[in-house]
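Counting from 391, one number per residue, gives the positions in the sequence shown under this note's numbering. Beta carbons are placed, not taken as given, at the ideal position from N, Cα and C, and that holds for glycine. Remember, predicted model here, so these are calculated numbers, not experimental data. Working notes, beginning with the structure itself.
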Amino acid sequence: MHSSCITFPTILVHISRRDYWGKEASSLASSKDLEITCDQSQPESGVQPDHLFEENFKQLKKWVDLKSPKHGILLALRERRSGRLGTALKALNDIIRDDGEPPKKKLYELKLSLLDEIGWSHLATYERQWMHVRFPASLPLF
Numbered sequence: 391m392h393s394s395c396i397t398f399p400t401i402l403v404h405i406s407r408r409d410y411w412g413k414e415a416s417s418l419a420s421s422k423d424l425e426i427t428c429d430q431s432q433p434e435s436g437v438q439p440d441h442l443f444e445e446n447f448k449q450l451k452k453w454v455d456l457k458s459p460k461h462g463i464l465l466a467l468r469e470r471r472s473g474r475l476g477t478a479l480k481a482l483n484d485i486i487r488d489d490g491e492p493p494k495k496k497l498y499e500l501k502l503s504l505l506d507e508i509g510w511s512h513l514a515t516y517e518r519q520w521m522h523v524r525f526p527a528s529l530p531l532f
């Protein structure tokens, strides 16, 4: 999958999205289409990515409500990067619960990875079973 590094406002995030025909298109999409990975490589300027992320996160916090479903994913990623996995899980659960749209598979996959990272394998197993119900591979026949 092709991904590109974008800055908004200079937050380093990899975003990739598939269009309707399966081709890859890189763009800034709403949180329902995001596949986000943290870039751990050293940028050209020599500044640490963690420092840039925190600096830009503080600036973004001045302008938007980070608890909204649109920007809440950044709050969850920030908490995860800081090692506050429980707070990241809470922020992610709030996004999933408060979003008025159908459930998003990427959010649940992030939730599963957080549960595994915390070490709550029993909850991760339970959520994996629910993934088959929430996102079936195919619709049942009549």
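Can you give me the Cβ contacts of Arg470 inside the same chain, cut-off strictly under 6 Å, excluding the 5 residues immediately before and after it? Cβ within range, chain order: Ala478.
Does Met521 come out as helix, strand or coil in the three-state DSSP assignment? helix
Would you say Leu497 and Leu505 are within 8 Å of each other, going by their C-beta atoms? no
Contact check, Leu482 vs Ala466 under 8 Å by CB: the rounded distance? 5 Å
Return the first residue and the last residue of the alpha helix (DSSP H) that Ala481 is part of. Its alpha helix (DSSP H) spans residues Leu475 to Asp488.
N- and C-terminal bounds of the alpha helix (DSSP H) containing Asp506: Lys495 to Ile508
What's the call for Lys494, buried or exposed, on a 16-neighbour Cβ count within 10 Å? buried
Classify Ser528 as helix, strand or coil using the three-state DSSP reduction. coil
First and last residue of the uninterrupted alpha helix (DSSP H) at His461: Careful: His461 lies outside any alpha helix (DSSP H) and carries neither H nor E.
Tell me which residues share the same chain as Leu529 and place their Cβ nearer than 7 Å to its Cβ, disregarding the 5 neighbours each side in the sequence. none
For Ser503, which residues from the same chain have a beta carbon less than 8 Å from its beta carbon, with the 5 sequence-adjacent residues on both sides left out? none
Spatial neighbours of Lys501 in its chain, beta-carbon cut-off 8 Å, leaving aside the 5 residues before and after: If we look at Lys501 and ignore the five residues flanking it on each side, its Cβ neighbours are Leu479, Leu482, Asn483, Ile486 and Glu517.
At what residues does the alpha helix (DSSP H) containing Pro439 begin and finish? Pro439 to Trp453
In whole angstroms, what separates the C-alpha of Pro568 from that of Leu475? The first residue shown for the chain is 391 and the last is 532, placing residue 568 beyond what the model contains.
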